[in-house]
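Numbering (this note's numbering), first residue to last: 1 to 966. This report refers to the structure that appears directly beneath it.
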Amino acid sequence: MADQVLSVLLFVSDRMLNFLSEEGRPFGGLRQEIQLISYEFGHMKAFLQKVAESKHDYDDSQLREWIRQVRDSAYDTEDVIDEFMILFAAPQRLLGFRGSVLRNINSITNFRGRHQLANKLQSLRGRIKNISEARLRYESHYERIIPQIPRRAWRDSKDDDALLAGEAQLVGIDESKKHLISEVLEGGSQLKVIAVLGMGGLGKTTLVKQVHDDATVKNNFQIRAWMTVSQTCDLEKLLKSLIRQLYSAFNEPVMPGMDSMGIYELKVVIRVFLQRARYEIVFDDMWDREFWDALKFVLPENRFGGNCVILTTRISEVAFAACNVGKGYVYRMKHLTFEDSWSLFCRETFKQNLCPSHLENVAEAIVGKCEGLPLAIVAISGLLATKDCSRIEEWERVRNKLRDDELEGTGRLERAKKILRLSYDDLPPTLKTCLLYTSIYPEDHEILCSRLIRLWVAERFVEARSGLAAEEVAWDYVQELANRSLIQMTTSSAMVVRRLVFHNSPIDDTISERHHHFSNLRSLIALGCKEPPSNALLTELIMSNKFLKVLNLHGVPMEEIPKSIFDLFHLNHLSLAYTKIKIVPQSIKKLRNLECLDLKNTNVKTLPMEILKLQKLHHLFVIQHVDFSNRDLGCYGFIPPSNMGKLTELQTLERVDASENDKTRILSEIGKLVRLRSLGITDIRPKDGKELCSSLVNLTSLRALRLTSSIEEKDKLLDLGHCFSPTSLPSIGHLSLRGRLEKMPPWIRNLERLRSIKLTWSCLKDGPLESLQYLPNLIEVSLIQAYEGESLCFKAGGFPKLQKLQLQNMKGLMWLRVEEGAMPKIKRLVLQELPLLEELPSGFENLRQLEELELWSVSSHLTMKLESEAFQECEEYEQIAHIPRVLLGFRRDGRWSLRVLSQKKRAITRAARQTFDTNDSVAATLVCDSAICSAAPSFWPLGFHLLLLVCFFLFLCIFIRKICMI
Numbered sequence: 001m002a003d004q005v006l007s008v009l010l011f012v013s014d015r016m017l018n019f020l021s022e023e024g025r026p027f028g029g030l031r032q033e034i035q036l037i038s039y040e041f042g043h044m045k046a047f048l049q050k051v052a053e054s055k056h057d058y059d060d061s062q063l064r065e066w067i068r069q070v071r072d073s074a075y076d077t078e079d080v081i082d083e084f085m086i087l088f089a090a091p092q093r094l095l096g097f098r099g100s101v102l103r104n105i106n107s108i109t110n111f112r113g114r115h116q117l118a119n120k121l122q123s124l125r126g127r128i129k130n131i132s133e134a135r136l137r138y139e140s141h142y143e144r145i146i147p148q149i150p151r152r153a154w155r156d157s158k159d160d161d162a163l164l165a166g167e168a169q170l171v172g173i174d175e176s177k178k179h180l181i182s183e184v185l186e187g188g189s190q191l192k193v194i195a196v197l198g199m200g201g202l203g204k205t206t207l208v209k210q211v212h213d214d215a216t217v218k219n220n221f222q223i224r225a226w227m228t229v230s231q232t233c234d235l236e237k238l239l240k241s242l243i244r245q246l247y248s249a250f251n252e253p254v255m256p257g258m259d260s261m262g263i264y265e266l267k268v269v270i271r272v273f274l275q276r277a278r279y280e281i282v283f284d285d286m287w288d289r290e291f292w293d294a295l296k297f298v299l300p301e302n303r304f305g306g307n308c309v310i311l312t313t314r315i316s317e318v319a320f321a322a323c324n325v326g327k328g329y330v331y332r333m334k335h336l337t338f339e340d341s342w343s344l345f346c347r348e349t350f351k352q353n354l355c356p357s358h359l360e361n362v363a364e365a366i367v368g369k370c371e372g373l374p375l376a377i378v379a380i381s382g383l384l385a386t387k388d389c390s391r392i393e394e395w396e397r398v399r400n401k402l403r404d405d406e407l408e409g410t411g412r413l414e415r416a417k418k419i420l421r422l423s424y425d426d427l428p429p430t431l432k433t434c435l436l437y438t439s440i441y442p443e444d445h446e447i448l449c450s451r452l453i454r455l456w457v458a459e460r461f462v463e464a465r466s467g468l469a470a471e472e473v474a475w476d477y478v479q480e481l482a483n484r485s486l487i488q489m490t491t492s493s494a495m496v497v498r499r500l501v502f503h504n505s506p507i508d509d510t511i512s513e514r515h516h517h518f519s520n521l522r523s524l525i526a527l528g529c530k531e532p533p534s535n536a537l538l539t540e541l542i543m544s545n546k547f548l549k550v551l552n553l554h555g556v557p558m559e560e561i562p563k564s565i566f567d568l569f570h571l572n573h574l575s576l577a578y579t580k581i582k583i584v585p586q587s588i589k590k591l592r593n594l595e596c597l598d599l600k601n602t603n604v605k606t607l608p609m610e611i612l613k614l615q616k617l618h619h620l621f622v623i624q625h626v627d628f629s630n631r632d633l634g635c636y637g638f639i640p641p642s643n644m645g646k647l648t649e650l651q652t653l654e655r656v657d658a659s660e661n662d663k664t665r666i667l668s669e670i671g672k673l674v675r676l677r678s679l680g681i682t683d684i685r686p687k688d689g690k691e692l693c694s695s696l697v698n699l700t701s702l703r704a705l706r707l708t709s710s711i712e713e714k715d716k717l718l719d720l721g722h723c724f725s726p727t728s729l730p731s732i733g734h735l736s737l738r739g740r741l742e743k744m745p746p747w748i749r750n751l752e753r754l755r756s757i758k759l760t761w762s763c764l765k766d767g768p769l770e771s772l773q774y775l776p777n778l779i780e781v782s783l784i785q786a787y788e789g790e791s792l793c794f795k796a797g798g799f800p801k802l803q804k805l806q807l808q809n810m811k812g813l814m815w816l817r818v819e820e821g822a823m824p825k826i827k828r829l830v831l832q833e834l835p836l837l838e839e840l841p842s843g844f845e846n847l848r849q850l851e852e853l854e855l856w857s858v859s860s861h862l863t864m865k866l867e868s869e870a871f872q873e874c875e876e877y878e879q880i881a882h883i884p885r886v887l888l889g890f891r892r893d894g895r896w897s898l899r900v901l902s903q904k905k906r907a908i909t910r911a912a913r914q915t916f917d918t919n920d921s922v923a924a925t926l927v928c929d930s931a932i933c934s935a936a937p938s939f940w941p942l943g944f945h946l947l948l949l950v951c952f953f954l955f956l957c958i959f960i961r962k963i964c965m966i
């Protein structure tokens, strides 16, 4: 608690200094009061710093009460400052004689308010003085027991690769994984339900994830989905998410109108869809038997057989109830052996995976305290990895904090929580505050990393330093928390880590602290709001919390912005994303402290001129996707007001419509926004190319650039061929160009920091690879209708870091060639809508790291060759024999067919073949190979055998009759 209050004091003290430094404030006698309070806070900070850095378990109720009083006094001081700013805000911005007159008038009219504030400050200073005097008593007592530990500076974490342990680093699950895979692939006509049961922290999710991602399992199921349930999951939201995953498995857009469906209709959609093919679905972290009862009737037994549902749970009642359906099997998780625990600990703690000999005894003792719980081992490893291995006393201090007398009599989960608490205590105050903030979200809730970072910045948990923007510092914080295994990060693409998901075993003490730490309401965040709240309710909430800084109404189904919002003078973060609002009123100008305005996927198409009054605005999002279920279709921007260049603090501008550039001069205005880091522009006309390029040259801080010529007109030229110097756009990491290009812009080959590029509708005559393949950091490439030529060659040494490649909708492409040494790290390759591609690309055998190959709508000749049972005997099969998963999708007679080709030395499974109508009906056919689907019925051979038997008896009867006649 001390470290959290220390963070509050640091923040409030900084605000006081900034407040006093502003010129033109009519302070009067208030300045001295504020200075005296700041002086007392300084002494309190020094003492709290000692308490926080000691990591001392202060159980003294008097000390805890004193710390609580310090926190409350800091919040009250901030309230007074905020009231003062509201009272004297407007005239301070006016200059000259008029401004001076208005300030004097305002000072006179607000005399009563100033007097009240002065009384509040005097009362507050007296209270703070008494609290500070109490500090002297505690200080003399606790200085004897608090060890004098030098302050440890937090180090920036720059290593993107150290976020989480990968599959190669997992230990102790090989046998469990093999056993579960055999259960999953057992087959049979009944639905197989597998419940993985065990306490939190045992690694249930990790184990099941390995089974789910296994190549053998992937090849056996055409429909696969992973659903995280958790304690607070909403059934309707889960069903919709499941539908999206199901349609994604068949590369189809989600049916229109899904968002307006009720729970019953959603269940019907899922049940019908699951009739199409064999399926495997995971429900992770199931807590409630009733929740399972609501789901089980959605999971049918279809004609294909071998369907499987896996769930993980801590509740035995849930596990056994689920396994009463179909063929059930409960698998109880086991704790790691000491050998496996030691192996995991060494891999997570030491760079060389080896423990130094002088640390072995203390390290073994620490591992023993974890009692085979992977979560506890990873958490303590994250803590010890930050310690100096040459200083054994630091390691002994950690061991001593896990004393036997403290742990004696507690269960394994309680021990794990104490270990997690120790990892939390080791954090610097700033990181503790950021971690506590994440606990306002439900367990297992996913949040975009960029969104969380903006919230941290809005709350002033993170400040710019050492030449780094606040957002960059916040990203370092995210990485550090992940490196310490206090949050878990997952990737939504190979390009960047985007999402956060929190561990199933929460730090209960930490979460309980957050209820106190956030007691003074400065943030209001809506989660899972289904019904539109009344204006009266919103107004009451907002007006009773006039110091709100963060207001997040993401997804709240409202059609207009409540007027009361515009009275929130201190508001710096406003999210109305995914609401139904259409108009931003002129009153937006009143939010002068606003730094982030998020209007993604609303019906807003224009912004008023008054938006230019928001001189502190950093992030502006006004995006409307053409089809939310298929984001490849692009998105619309907003018509900006003139003089957008006045918003000089802008770092993010997404997406601005350039169709009225003659009127708004938006392209030239963009050149004035030199702090931009992310920029999206739509409806760029051919004649705007030169002006656009001239502006882009000025944006040296730009990290992400998205340019679109037109959403509807695919052949509209995107003119980007105008001169750029080799040093232009030096920081670009993500580039998306949508529109026809006469040739590849020459400046692209100079973008050495580029990590991902997407070219859509480029229709290039010359191949784009020459400009891309030697970019040193390129990880993801998507070329969609980007090239009209007949061939592409990936040269040796090209694309050294590429992990994902998508080639789509290239009607003229006839052949591909991959030279040895090209794309050495490629993991996923998608070839889609290439109707003239009649042969497998030459050189595929060189892509030894390729894990997944998808072929959609290639030529009929190649399709027939690949689906032929004789294909595995051909030499050409050697090109793809090493690839764990090969997926073939094609249309035939107006129907989609999907086929999974297995690895060499396995039969090409015809069980993966399925056909279904394009109108999403349930009509489906499947031909099963008896070697793969032994449980599937085989009626044709049985009929044939019966026919032979009848013929034999007829022949026998005729033969006997002739014998008798003789």
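Glycine included, each C-beta is placed from N, C-alpha and C at the ideal position. Treat the numbers as computed from the prediction; the structure is a model and nothing was measured.
Contact under 8 Å by Cβ, residue i with residue j
i, j, result
"A225", "L238", "no"
"K605", "F566", "no"
"L783", "L754", "no"
"L548", "L576", "no"
"L311", "M333", "no"
"L594", "K616", "yes"
"V968", "R244", "Nothing about residue 968 can be read from this structure; the chain reaches only from 1 to 966."
"W761", "S791", "no"
Which of helix, strand or coil DSSP assigns to residue i
i, result
"G166", "Interpretation of G166 is limited by its pLDDT of 44, a score under 50 that renders its predicted location unreliable; no figure is taken from the coordinates."
"H625", "strand"
"E446", "coil"
"A470", "helix"
"I561", "coil"
"D598", "strand"
Rounded separation between residue i and residue j - CA only
i, j, result
"L121", "T77", "8 Å"
"L163", "N643", "Confidence in L163 is poor, its pLDDT being 30 and thus under 50, which makes the residue's placement unreliable; the coordinate value appears in the next sentence. For L163 and N643, the distance between alpha carbons rounds to 43 Å."
"P768", "C635", "24 Å"
"E471", "Q651", "10 Å"
"V318", "R465", "50 Å"
"Y75", "E83", "12 Å"
"S668", "I732", "20 Å"
"I666", "S728", "20 Å"
"K589", "P608", "9 Å"
"L676", "E752", "19 Å"
"G262", "V282", "23 Å"
"R128", "I37", "For the record, residue 128 in the displayed sequence is Ile; it is not Arg. Near 7 Å, if we compare the C-alpha coordinates of I37 and I128."
"L805", "K825", "11 Å"
"K690", "R271", "54 Å"
"L383", "T602", "43 Å"
Status (buried if at least 16 other CB within 10 Å, exposed otherwise) for residue i
i, result
"H562", "For the record, residue 562 in the displayed sequence is Pro; it is not His. Buried, since its Cβ has 16 or more Cβ neighbours within 10 Å."
"P686", "exposed"
"A379", "buried"
"N119", "exposed"
"G843", "buried"
Continuous alpha helix (DSSP H) stretch holding residue i: start and end
i, result
"V398", "I392 to K401"
"Y247", "L235 to A249"
First through last residue of the beta strand (DSSP E) which encompasses residue i
i, result
"N535", "Careful: N535 lies outside any beta strand (DSSP E), inside the alpha helix (DSSP H) at N535 to M543."
"L759", "S756 to T760"
"D288", "Taken as a continuous stretch (DSSP letters only), D288 belongs to no beta strand (DSSP E), as it is neither H nor E."
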